[in-house]
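Chemist: In my numbering, the protein residues as written are 2 to 288.
Just dropping this structure here.
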(Lines of atoms letter the chains of each structure in order from A and count residues from 1; the text may use other names and numbers.)
(Lines give C-alpha, C1' and ligand atoms only; values in the text may rest on other atoms or scores of the structure.)
Protein backbone atom coordinates (compact mmCIF):
# COMPACT_ATOMS: atom_id res chain seq x y z
CA UNK A 1 0.00 0.00 0.00
CA UNK A 2 1.48 3.28 -1.10
CA UNK A 3 2.03 6.01 1.44
CA UNK A 4 0.49 9.32 0.55
CA UNK A 5 2.83 12.22 -0.09
CA UNK A 6 1.42 14.05 2.93
CA UNK A 7 2.37 11.19 5.27
CA UNK A 8 6.00 12.19 5.06
CA UNK A 9 5.06 15.57 6.46
CA UNK A 10 3.37 14.16 9.55
CA UNK A 11 5.16 14.89 12.80
CA UNK A 12 4.73 13.77 16.36
CA UNK A 13 2.10 16.00 18.02
CA UNK A 14 3.48 18.67 20.33
CA UNK A 15 6.94 18.73 18.80
CA UNK A 16 8.48 21.13 16.32
CA UNK A 17 11.82 22.23 14.99
CA UNK A 18 12.93 24.24 17.98
CA UNK A 19 14.20 27.78 17.57
CA UNK A 20 13.86 27.48 13.77
CA UNK A 21 10.09 27.52 14.26
CA UNK A 22 10.37 30.73 16.27
CA UNK A 23 12.17 32.40 13.37
CA UNK A 24 9.60 31.17 10.86
CA UNK A 25 6.80 32.47 13.12
CA UNK A 26 8.51 35.79 13.84
CA UNK A 27 5.31 37.70 13.03
CA UNK A 28 3.60 35.90 15.91
CA UNK A 29 6.63 36.50 18.11
CA UNK A 30 6.39 40.23 17.39
CA UNK A 31 2.71 40.22 18.40
CA UNK A 32 3.50 38.50 21.71
CA UNK A 33 6.32 40.94 22.49
CA UNK A 34 4.10 43.90 21.63
CA UNK A 35 1.31 42.55 23.85
CA UNK A 36 3.63 42.00 26.81
CA UNK A 37 5.20 45.45 26.56
CA UNK A 38 1.77 47.09 26.33
CA UNK A 39 0.51 45.15 29.37
CA UNK A 40 3.47 46.43 31.41
CA UNK A 41 2.20 50.02 31.24
CA UNK A 42 -1.52 49.39 30.91
CA UNK A 43 -3.44 51.86 33.08
CA UNK A 44 -0.34 54.00 33.61
CA UNK A 45 -0.58 57.75 33.09
CA UNK A 46 3.09 58.27 32.24
CA UNK A 47 3.59 54.96 30.40
CA UNK A 48 7.06 54.57 28.90
CA UNK A 49 8.28 57.60 30.83
CA UNK A 50 8.72 55.36 33.88
CA UNK A 51 11.39 53.39 31.98
CA UNK A 52 13.49 56.56 31.91
CA UNK A 53 12.62 57.84 35.38
CA UNK A 54 13.67 54.67 37.22
CA UNK A 55 17.35 54.60 36.12
CA UNK A 56 17.59 58.35 36.66
CA UNK A 57 16.35 57.98 40.24
CA UNK A 58 18.73 55.04 40.71
CA UNK A 59 21.61 57.22 39.60
CA UNK A 60 20.72 59.96 42.09
CA UNK A 61 20.43 57.40 44.91
CA UNK A 62 23.75 55.78 44.04
CA UNK A 63 25.48 59.13 43.61
CA UNK A 64 24.26 60.62 46.91
CA UNK A 65 23.86 57.61 49.21
CA UNK A 66 26.80 55.50 48.02
CA UNK A 67 29.10 57.95 46.31
CA UNK A 68 28.84 60.87 48.75
CA UNK A 69 27.62 59.53 52.10
CA UNK A 70 29.58 56.27 51.98
CA UNK A 71 32.43 57.97 50.07
CA UNK A 72 32.69 55.17 47.51
CA UNK A 73 33.62 57.75 44.87
CA UNK A 74 37.03 57.79 46.53
CA UNK A 75 37.64 54.12 45.75
CA UNK A 76 36.01 54.05 42.28
CA UNK A 77 35.76 57.21 40.19
CA UNK A 78 32.28 57.94 38.80
CA UNK A 79 30.99 55.20 41.08
CA UNK A 80 27.33 55.93 40.36
CA UNK A 81 27.85 55.42 36.61
CA UNK A 82 30.00 52.35 37.27
CA UNK A 83 27.34 50.64 39.38
CA UNK A 84 24.44 51.74 37.15
CA UNK A 85 26.12 50.33 34.03
CA UNK A 86 26.62 46.98 35.76
CA UNK A 87 23.12 46.86 37.23
CA UNK A 88 21.59 47.60 33.82
CA UNK A 89 23.05 44.48 32.19
CA UNK A 90 22.43 42.25 35.22
CA UNK A 91 18.82 43.46 35.44
CA UNK A 92 18.40 42.48 31.78
CA UNK A 93 19.70 39.00 32.59
CA UNK A 94 17.54 38.62 35.70
CA UNK A 95 14.34 39.73 33.98
CA UNK A 96 14.91 37.59 30.88
CA UNK A 97 15.89 34.51 32.91
CA UNK A 98 13.17 34.76 35.58
CA UNK A 99 10.35 35.60 33.16
CA UNK A 100 11.54 32.93 30.72
CA UNK A 101 11.33 30.34 33.49
CA UNK A 102 7.73 31.35 34.28
CA UNK A 103 6.67 31.91 30.67
CA UNK A 104 5.28 28.43 29.99
CA UNK A 105 3.32 28.25 33.24
CA UNK A 106 1.99 31.79 32.76
CA UNK A 107 0.76 30.86 29.26
CA UNK A 108 -0.67 27.48 30.26
CA UNK A 109 -4.17 28.30 28.97
CA UNK A 110 -2.83 29.13 25.51
CA UNK A 111 -0.52 26.10 25.37
CA UNK A 112 -3.37 23.71 26.22
CA UNK A 113 -5.69 25.16 23.57
CA UNK A 114 -3.57 25.49 20.44
CA UNK A 115 -0.20 24.43 19.13
CA UNK A 116 2.46 27.00 18.43
CA UNK A 117 6.23 26.86 18.89
CA UNK A 118 6.57 26.72 22.67
CA UNK A 119 10.11 28.12 22.50
CA UNK A 120 8.41 31.35 21.53
CA UNK A 121 7.50 32.07 25.15
CA UNK A 122 10.99 32.14 26.72
CA UNK A 123 12.33 33.90 23.61
CA UNK A 124 9.61 36.56 23.83
CA UNK A 125 10.40 37.00 27.54
CA UNK A 126 14.00 37.76 26.62
CA UNK A 127 12.94 40.25 23.93
CA UNK A 128 10.53 42.00 26.30
CA UNK A 129 13.36 42.30 28.83
CA UNK A 130 15.56 43.74 26.07
CA UNK A 131 12.91 46.32 25.15
CA UNK A 132 12.68 47.33 28.82
CA UNK A 133 16.49 47.59 29.07
CA UNK A 134 17.02 49.93 26.11
CA UNK A 135 15.59 53.02 27.88
CA UNK A 136 17.89 52.32 30.84
CA UNK A 137 20.91 52.20 28.53
CA UNK A 138 19.84 55.48 26.93
CA UNK A 139 19.62 57.14 30.36
CA UNK A 140 23.01 55.79 31.49
CA UNK A 141 24.68 56.96 28.27
CA UNK A 142 22.99 60.38 28.56
CA UNK A 143 24.32 60.75 32.12
CA UNK A 144 27.78 59.64 30.98
CA UNK A 145 27.68 62.28 28.23
CA UNK A 146 27.17 64.93 30.90
CA UNK A 147 30.42 63.77 32.51
CA UNK A 148 32.40 63.87 29.25
CA UNK A 149 31.75 60.44 27.69
CA UNK A 150 33.93 60.13 24.55
CA UNK A 151 34.06 56.45 23.53
CA UNK A 152 35.97 54.78 20.74
CA UNK A 153 34.21 52.59 18.17
CA UNK A 154 35.40 49.49 20.02
CA UNK A 155 33.96 50.78 23.29
CA UNK A 156 30.62 51.51 21.63
CA UNK A 157 30.62 48.02 20.08
CA UNK A 158 31.19 46.49 23.53
CA UNK A 159 27.69 47.57 24.65
CA UNK A 160 25.63 45.58 22.06
CA UNK A 161 28.15 42.73 22.37
CA UNK A 162 27.36 42.47 26.08
CA UNK A 163 23.63 42.55 25.29
CA UNK A 164 23.92 39.72 22.74
CA UNK A 165 25.97 37.63 25.18
CA UNK A 166 23.39 37.98 27.94
CA UNK A 167 20.48 37.46 25.51
CA UNK A 168 21.84 34.09 24.36
CA UNK A 169 22.78 32.99 27.88
CA UNK A 170 19.45 34.04 29.46
CA UNK A 171 17.41 32.47 26.65
CA UNK A 172 19.18 29.14 27.09
CA UNK A 173 18.67 29.17 30.85
CA UNK A 174 15.06 30.31 30.42
CA UNK A 175 14.32 27.40 28.10
CA UNK A 176 16.09 24.91 30.36
CA UNK A 177 14.48 25.94 33.64
CA UNK A 178 11.19 26.85 31.96
CA UNK A 179 10.80 23.30 30.64
CA UNK A 180 11.69 21.80 34.03
CA UNK A 181 9.38 24.24 35.82
CA UNK A 182 6.34 22.84 33.99
CA UNK A 183 6.67 19.58 35.95
CA UNK A 184 8.69 20.65 38.98
CA UNK A 185 7.68 24.09 40.22
CA UNK A 186 10.66 24.05 42.59
CA UNK A 187 12.72 25.20 39.60
CA UNK A 188 11.18 28.65 39.91
CA UNK A 189 12.34 29.00 43.52
CA UNK A 190 15.82 27.85 42.51
CA UNK A 191 15.91 30.50 39.79
CA UNK A 192 14.97 33.18 42.32
CA UNK A 193 18.08 32.27 44.32
CA UNK A 194 20.27 32.48 41.20
CA UNK A 195 18.79 35.87 40.31
CA UNK A 196 19.38 37.13 43.85
CA UNK A 197 23.05 36.09 43.71
CA UNK A 198 23.70 37.29 40.13
CA UNK A 199 24.41 40.89 41.11
CA UNK A 200 27.11 39.73 43.56
CA UNK A 201 28.61 37.04 41.31
CA UNK A 202 29.89 39.68 38.88
CA UNK A 203 31.69 43.04 39.35
CA UNK A 204 28.62 45.24 39.72
CA UNK A 205 28.81 46.60 43.27
CA UNK A 206 32.58 46.30 43.47
CA UNK A 207 35.69 46.34 41.26
CA UNK A 208 37.13 43.08 39.93
CA UNK A 209 40.48 43.90 41.55
CA UNK A 210 38.87 43.28 44.96
CA UNK A 211 38.24 39.68 43.92
CA UNK A 212 41.67 39.23 42.36
CA UNK A 213 43.37 40.37 45.57
CA UNK A 214 41.40 38.00 47.82
CA UNK A 215 41.14 34.68 45.97
CA UNK A 216 43.63 32.24 44.39
CA UNK A 217 44.38 32.59 40.68
CA UNK A 218 42.41 29.47 39.75
CA UNK A 219 39.32 30.80 41.54
CA UNK A 220 39.71 34.19 39.86
CA UNK A 221 39.86 32.41 36.49
CA UNK A 222 36.65 30.56 37.40
CA UNK A 223 35.11 33.90 38.37
CA UNK A 224 35.94 35.29 34.92
CA UNK A 225 34.40 32.23 33.23
CA UNK A 226 31.01 33.24 34.60
CA UNK A 227 29.40 34.77 31.45
CA UNK A 228 27.96 37.63 33.51
CA UNK A 229 31.44 38.80 34.53
CA UNK A 230 32.68 39.66 30.99
CA UNK A 231 29.18 40.93 30.11
CA UNK A 232 29.28 43.42 32.99
CA UNK A 233 32.84 44.38 32.13
CA UNK A 234 31.86 44.95 28.49
CA UNK A 235 29.30 47.47 29.71
CA UNK A 236 31.91 49.07 31.98
CA UNK A 237 34.30 49.17 29.03
CA UNK A 238 31.70 50.86 26.83
CA UNK A 239 30.14 53.30 29.33
CA UNK A 240 32.51 53.81 32.27
CA UNK A 241 35.95 53.53 30.66
CA UNK A 242 35.46 56.46 28.20
CA UNK A 243 35.14 58.75 31.24
CA UNK A 244 38.84 58.00 31.92
CA UNK A 245 38.66 57.30 35.65
CA UNK A 246 42.06 56.99 37.28
CA UNK A 247 41.37 53.41 38.43
CA UNK A 248 40.06 52.15 35.06
CA UNK A 249 41.74 48.80 34.53
CA UNK A 250 40.16 46.30 32.12
CA UNK A 251 39.43 42.82 33.35
CA UNK A 252 42.54 40.71 32.57
CA UNK A 253 42.11 38.90 29.23
CA UNK A 254 38.66 40.48 28.81
CA UNK A 255 38.32 39.58 25.12
CA UNK A 256 39.55 36.03 25.66
CA UNK A 257 37.03 35.45 28.43
CA UNK A 258 34.34 37.15 26.36
CA UNK A 259 34.99 34.50 23.70
CA UNK A 260 34.72 31.74 26.30
CA UNK A 261 31.54 33.34 27.62
CA UNK A 262 29.97 33.12 24.16
CA UNK A 263 31.00 29.46 23.92
CA UNK A 264 29.36 28.85 27.31
CA UNK A 265 26.23 30.78 26.35
CA UNK A 266 25.80 28.86 23.07
CA UNK A 267 26.38 25.56 24.91
CA UNK A 268 23.71 26.50 27.49
CA UNK A 269 21.36 27.45 24.65
CA UNK A 270 21.94 24.07 22.97
CA UNK A 271 21.37 22.19 26.25
CA UNK A 272 18.27 24.25 26.98
CA UNK A 273 16.88 23.50 23.51
CA UNK A 274 17.62 19.77 23.88
CA UNK A 275 15.89 19.53 27.28
CA UNK A 276 13.02 21.68 26.05
CA UNK A 277 12.53 19.46 22.99
CA UNK A 278 12.65 16.34 25.16
CA UNK A 279 9.97 17.57 27.58
CA UNK A 280 7.67 19.67 25.40
CA UNK A 281 5.49 16.69 24.45
CA UNK A 282 4.21 16.63 28.06
CA UNK A 283 3.67 20.38 28.49
CA UNK A 284 -0.07 20.39 27.79
CA UNK A 285 -0.60 17.37 30.04
CA UNK A 286 1.51 18.65 32.97
CA UNK A 287 0.12 22.16 32.79
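Glycine is no exception: its CB is placed at the ideal position from the N, C-alpha and C atoms.
These numbers come from a predicted model, not from an experiment.
Assuming the contact rule is C-beta atoms closer than 8 Å, residue 205 and residue 65 should be a hit. Round their C-beta distance to whole Å, please.
Modeler: About 19 Å separates the two Cβ atoms, so there is no contact after all.
Chemist: What is the rounded straight-line gap between the Cα of residue 268 and the Cα of residue 144?
Modeler: Each residue's Cα considered, the two are about 36 Å apart.
Chemist: Alpha carbon to alpha carbon, how far is residue 77 from residue 251? Give it in angstroms, no decimals.
Modeler: Going from the Cα of residue 251 to the Cα of residue 77 covers about 13 Å.
Chemist: Is the segment 205-224 in contact with the segment 107-116, if contact means three or more CB pairs nearer than 8 Å?
Modeler: Output reads no: the segment 107-116 does not touch the segment 205-224.
Chemist: When you compare each of 241, 254, 247 to residue 226 by their alpha carbons, which one comes out closest?
Modeler: It is 254.
Chemist: Kindly indicate which residue of 42, 81, 138, 109 has the alpha-carbon position closest to the one of residue 285.
Modeler: Checking every option, the nearest Cα to that of residue 285 belongs to 109.
Chemist: I believe residue 192 touches residue 102 by the beta-carbon criterion, under 8 Å. Please report the beta-carbon distance rounded to the nearest angstrom.
Modeler: At roughly 5 Å, the Cβ-Cβ gap stays under 8 Å, so residue 192 and residue 102 are in contact.
Chemist: Taking only three categories from DSSP, how would you classify residue 120?
Modeler: It is coil, neither helix nor strand.
Chemist: For residue 33, count the other beta carbons within 10 Å of its own beta carbon; 16 or more makes it buried, fewer makes it exposed. Which is it?
Modeler: Flag for residue 33 reads buried.
Chemist: Alpha carbon to alpha carbon, how far is residue 150 from residue 28? Give it in angstroms, no decimals.
Modeler: Approximately 38 Å, taken between the alpha carbons.
Chemist: Does any C-beta atom of chain D lie closer than 8 Å to the C-beta of residue 40?
Modeler: Reference to chain D is not applicable here, since this structure consists of a single protein chain.
Chemist: With 16 as the cutoff for other CB atoms within 10 Å, does residue 231 come out buried or exposed?
Modeler: When all chains shown are included, residue 231 counts as buried.
Chemist: If you draw a straight line from the C-alpha of residue 169 to the C-alpha of residue 147, how long is it?
Modeler: Each residue's alpha carbon lies about 32 Å from the other.
Chemist: Specify the secondary structure class of residue 147 as computed by DSSP and reduced to three states.
Modeler: Here residue 147 sits in helix by DSSP.
Chemist: Could you check how far apart the C-beta atoms of residue 97 and residue 158 are, in whole angstroms? I think they sit under 8 Å.
Modeler: Their Cβ separation, rounded to whole angstroms, is 21 Å, which puts residue 97 and residue 158 out of contact at 8 Å.
Chemist: Under the three-state reduction of DSSP, which class applies to residue 187: helix, strand or coil?
Modeler: Here residue 187 sits in helix by DSSP.
Chemist: Helix, strand or coil: which one does DSSP assign to residue 125?
Modeler: Helix at residue 125.
Chemist: Out of 88, 245, 120, which one is the CA nearest neighbour of residue 282?
Modeler: For residue 282, the nearest C-alpha among the options comes from 120.
Chemist: Would you mind stating whether residue 243 and residue 152 have Cβ atoms separated by less than 8 Å?
Modeler: Yes.
Chemist: Report yes if the C-beta distance between residue 56 and residue 137 is below 8 Å; otherwise report no.
Modeler: Yes. Within cutoff.
Chemist: Considering residue 273, what are the terminal residues of the alpha helix (DSSP H) in which it resides?
Modeler: From DSSP, the alpha helix (DSSP H) with residue 273 extends over 255-280.
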